[in-house]
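Numbering (this note's numbering), first residue to last: 9 to 255.
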């Protein structure tokens, strides 16, 4: 096959599993957890490395920020033979028990973004693959991580979340945010809904593990609110989950 337009490569890589950070700067750092790691390709926001786990080729590729570029990544990677996608990213806690440095395994996502709505009506749920989610949970237990599994909030606007009062649509944003928390939503991020919906429609598997950076709700209540930009626990959880799935 010809190299695909956005990701820039074809199907000769031989990988079935891919780890998807948003940030291109995290790709090499994640690849270092693999054996025989090597740079593969770079185009636009899509930086790609390859490595091995248990003798099997594993890919690491960045998606950039948000749903549109994530959907393109899943579409094109699936054409090259990838069938299992694990997002490793960051999030902000929403539920009071979620603390910076914890990890959240997203079993499903609130579809407050726009990309997935161009695939299927919003009533269709964005949910993770059960086998990938179970592997992530078992992996988190194996490595002794502080983990939570549940629904996350997926949005398009970072500043719509953090400065809703200055947005013309602010009243709706604030009302919905309170509703998500009341319903038990754990955390907020920007890619999981597109990942899950596109994967569902293409018939591939997807899961998501997130490092909690902080919790704005804890800060608003005057509770302790440690901040953590260290994604190593989330990365190790994804790596161990792939080992489990390979077995």
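Think of the CB as a built atom: it goes at the ideal place given N, C-alpha and C, for glycine as much as any other residue.
Between residue 15 and residue 84, which are expected to be in contact by the criterion C-beta below 8 Å, what is the C-beta distance as a whole number of angstroms? 5 Å
So, helix, strand or coil for residue 31, using DSSP? DSSP places residue 31 in coil when its eight states are reduced to three.
Helix, strand or coil at residue 211 [DSSP, three-state]: Note: residue 211 maps to coil in three-state DSSP.
Alpha helix (DSSP H) segment containing residue 68, residue limits: First-last for residue 68: 64–69, but that is the beta strand (DSSP E), not the alpha helix (DSSP H).
With distances taken between CB atoms, is the gap from residue 102 to residue 225 smaller than 8 Å? yes
Residue 215 and residue 94 - do their beta-carbons sit closer together than 8 Å? Judged by beta-carbon spacing, residue 215 lies within the 8 Å limit of residue 94, meaning their Cβ atoms are closer than that value.
Pick out whichever of 42, 100, 196 and 29 has its Cα sitting closest to the Cα of residue 248. 42
Are the beta-carbon atoms of residue 112 and residue 218 separated by less than 8 Å? yes
Are the Cβ atoms of residue 109 and residue 234 separated by less than 8 Å? yes
Going by C-alpha distance, which of 130, 253, 72 and 114 is nearest residue 100? 114
Given a cut-off of 8 Å, decide if residue 124 and residue 205 are closer than it, judged by their beta-carbon atoms. yes
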